[in-house]
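Working notes for the structure below.
Numbering (the numbering used here), first residue to last: 4 to 223.
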C-alpha cells in the first residue's frame with residue numbers, strides 16, 4: 004500500500020477535505036477496505052524493543068509486601084494537638100455552623116444542636132471531652148481552617164468543631180505506640196494509641212470508648 008493511500012483518510016477522507024470519490028457511497032472511512040487494512044496492520048505491527056525492555060524491567064521488580072490490617076484514619080487538629088478517627092466512622096466535614104443551645108440540657112461537653120446540610124445534629128465539644136487545654140502549641144499553623152466534623156456509628160451521629168482537618172492517612176497497627184502518661188486522663192482513656200505524622204504525634208481515638216462517652220455526655 005502506497006504511503007499516500009495508506010493515510011488517505013487524513014488527506015481526502017472523513018478526517019481530511021472529504022474529496023474522496025468513495026466517501027459519498029461509504030459515508031465514513033471505517034467502511035473502506037483501505038482504512039480497515041491499515042488498522043489491521045497497526046494491530047499486527049511488532050512491539051518496539053524499547054517498550055518490551057521497559058515493561059520487562061517493571062515486571063521483574065521485587066513486589067512490595069503490603070502490610071496487613073492497615074488502618075485508614077481522618078486526622079484533625081484540636082487545641083493544637085492532632086487526633087484521628089477511623090474513616091469508617093467519619094461521615095462528612097462541613098463549614099462552621101451556629102450552635103443552638105437547649106435549655107437545661109447543655110453542659111461542658113454537650114453544647115446543643117447544629118444544622119449540618121439541613122440536618123440537626125447533636126453538637127459536642129471533643130476538646131472538653133478529652134479535657135484538652137485551649138492553648139496553641141508552637142508547631143500549630145498560623146492560619147487554621149475551622150470545620151465541623153460529623154462522625155457516626157450504629158445509627159448515632161454527632162458533630163463537633165475542629166481547628167483543622169488534615170486529611171486521610173493510613174497506619175499499620177505495629178506503628179501504634181502506647182499513649183504517654185503526659186496527656187490528660189480523659190484523653191488517655193479515649194485514645195487507642197499514638198502514631199507519627201510528619202514526625203508529630205497523633206492520637207488515634209478508640210471508637211469503642213469514644214462513642215459511649217459522647218452518649219453519656221448528653222446527660223445534664
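For each residue, glycine too, the CB sits at the ideal point set by N, CA and C. As the structure is a prediction and not an experimental result, all values here were calculated from the model.
With residue i as the anchor, note down where its beta strand (DSSP E) starts and where it stops.
i, result
"residue 150", "150 to 156"
"residue 185", "Element bounds for residue 185: n/a, residue is neither H nor E."
"residue 29", "Premise fails: residue 29 lies in the alpha helix (DSSP H), 26 to 29, not in any beta strand (DSSP E)."
Rounded to whole angstroms, what's the CA-CA distance from residue i to residue j? Just pull it up for me.
i, j, result
"residue 196", "residue 46", "56 Å"
"residue 21", "residue 44", "24 Å"
"residue 157", "residue 127", "18 Å"
"residue 27", "residue 11", "15 Å"
"residue 189", "residue 121", "32 Å"
"residue 169", "residue 124", "23 Å"
"residue 155", "residue 184", "29 Å"
"residue 63", "residue 56", "11 Å"
"residue 51", "residue 15", "30 Å"
"residue 25", "residue 48", "27 Å"
"residue 213", "residue 193", "6 Å"
Closer than 6 Å by C-beta to residue i: which residues in its own chain qualify, once you throw out the five before and the five after it? Chain order, please.
i, result
"residue 198", "174, 178, 179, 205"
"residue 17", "31, 32"
"residue 150", "96, 165, 168"
"residue 111", "131"
For residue i, write down the residues that DSSP places opposite it in a beta bridge.
i, result
"residue 126", "115, 162"
"residue 171", "77"
"residue 93", "154"
Measure the beta-carbon distance from residue i to residue j and round it to whole angstroms, keeping in mind my assumption that it falls under 8 Å.
i, j, result
"residue 129", "residue 163", "4 Å"
The alpha helix (DSSP H) that contains residue i, what's its start and end?
i, result
"residue 231", "Any property of residue 231 remains undetermined from this structure, which presents the chain solely from 4 to 223."
"residue 59", "52 to 62"
Kindly list the residues whose CB is nearer than 7 Å to the CB of residue i, restricted to its own chain and excluding five residues on each side of it in sequence; keep chain order.
i, result
"residue 219", "none"
Apart from the five residues just before and just after residue i, which ones in its own chain have a Cβ nearer than 8 Å to its Cβ?
i, result
"residue 117", "100, 101, 102, 103, 123, 124, 126, 151, 162"
"residue 85", "78, 79, 169, 200, 203, 204, 205, 206"
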